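Down below is the structure, laid out as structure tokens.
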Amino acid sequence: MLEIIDLTFYYGNIKALDRVTFKIKDGSFVLIVGANASGKTTLLKILCGLLPIQKGKIMFDKKELSQNDLRYLCGYVFHNPLNQIVGTTVEEDIAFGLENIGMERNRMIKEVEKTLKSFGLYELKEKDPATLSAGQLQKLATASVTVLKPKYLFLDEPTSMLDEQDSKQIKQCLKDLNDSGITILVSTHDLEQFLDTSNWIIHLNNGKIDFEGEIKEFLEKDFPDVERPGCFN
7 MLEIIDLTFY YGNIKALDRV TFKIKDGSFV LIVGANASGK TTLLKILCGL LPIQKGKIMF
67 DKKELSQNDL RYLCGYVFHN PLNQIVGTTV EEDIAFGLEN IGMERNRMIK EVEKTLKSFG
127 LYELKEKDPA TLSAGQLQKL ATASVTVLKP KYLFLDEPTS MLDEQDSKQI KQCLKDLNDS
187 GITILVSTHD LEQFLDTSNW IIHLNNGKID FEGEIKEFLE KDFPDVERPG CFN
């Protein structure tokens with residue numbers, strides 16, 4: 007279990023997070039919702055080690071984690087997948103992280119091939135990422151992170167740039183990853199996409215958590231910054 011305790015973060019004099027405290031149970035699929043500038047992206051970037059822990063603690067199995075610890079434990083997929091694509095081909099991009107950690111070549115080749123197939127990217131392995139559709143790019147970015155086998159996977163608005171068909175494919179990918187044992191946190195404005203996938207939701211308001219619980223309970227309340235799914239209107 008990942009435990010976040012009194013996490014507070016400033017950009018200069020602006021407080022982006024204010025004593026945020028919650029727990030992430032292993033194997034869960036958690037949604038983080040709230041208005042723009044409510045602190046969602048900042049929170050995810052701290053949890054995966056992209057931003058420093060200024061105040062507060064992050065614990066795993068009763069051990070306090072450093073920023074570097076989080077980088078090994080957690081993976082992060084950016085809102086715009088182009089921000090993290092580095093390879094000149096799909097195959098190279100997935101291999102990049104494994105090369106950086108010094109994985110033995112034969113094992114790396116097997117891991118890359120397995121990941122390409124599991125994400126439906128095998129036929130595209132020699133393609134330039136710049137030629138891919140938005141949905142294919144999102145799958146590639148997610149594959150390039152999960153090939154490193156993080157325990158926790160954080161995604162920032164993974165369906166916001168996708169059409170309905172691509173959104174369904176990404177949602178299925180995330181469900182399969184969750185079923186395989188990876189704990190997932192998704193920041194989203196598209197609550198309806200994940201109603202049948204997620205089992206827990208956190209609402210951020212001006213850097214503070216003002217709701218944490220089951221989605222059914224959340225939908226019984228009125229949060230004007232979150233669009234209610236059509237079936238609940």
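Numbering (the working numbering), first residue to last: 7 to 239. For glycine and all other residues, C-beta sits at the position ideal for the given N, C-alpha and C. Since we're looking at a predicted model, the values are computed, not measured.
Alpha-carbon spacing of residue i relative to residue j, whole angstroms
i	j	result
K69	E129	43 Å
V248	A136	Residue 248 cannot be examined here, being either before or after the span of the chain that is shown, 7 to 239.
D32	L154	18 Å
L180	D231	25 Å
Q142	V36	23 Å
L8	E218	15 Å
E223	C80	28 Å
T48	I38	12 Å
L159	D24	23 Å
G126	I208	31 Å
E97	M114	11 Å
G108	E233	45 Å
K214	L71	22 Å
D75	G187	20 Å
N112	G103	15 Å
S44	V192	15 Å
K63	K29	12 Å
S34	Q175	20 Å
T95	L138	10 Å
E117	W206	31 Å
D251	E198	With the chain covering 7 to 239 only, the question about residue 251 has no answer from this structure.
E132	K145	15 Å
S67	N86	The residue you asked about is not Ser; residue 67 is Asp in the sequence shown. Distance between the alpha carbons of D67 and N86 is about 32 Å.
Top-ranked residue by Cα proximity to residue i, from the options
i	options	result
D196	L183, K177, G187	K177
M65	N212, S204, T27	T27
N211	N42, I11, L76	N42
S173	A140, P156, K227	A140
F84	D162, K116, N19	D162
F229	G40, Q171, N19	G40
A22	Q199, K46, N184	K46
L183	D134, L88, S204	S204
For residue i, the first and last residue of its enclosing alpha helix (DSSP H)
i	result
N184	170-185
E223	221-225
Limits of the beta strand (DSSP E) - the one that residue i falls within
i	result
E9	8-17
V83	80-83
A41	Run containing A41: none; DSSP gives neither H nor E here.
T27	20-30
L210	206-211
D162	158-162
L191	189-193
Spell out a yes or no on whether the segment 141-154 and the segment 116-125 are touching, meaning 3 or more CB-CB pairs, one atom from each, closer than 8 Å.
yes
Go through the segment 86-155 residue by residue and report every complete run of the alpha helix (DSSP H) that reaches 4 residues or more, in order.
96-106, 111-124, 140-152
Evaluate contact between the segment 44-56 and the segment 7-16, counting only Cβ atoms and requiring at least three cross-stretch pairs below 8 Å.
yes
Taking only runs of the beta strand (DSSP E) that begin and end inside the segment 46-73, which ones reach a length of at least 3 residues, in chain order?
61-66
Between the segment 165-172 and the segment 58-78, can you find at least three pairs of beta-carbon atoms closer than 8 Å?
no
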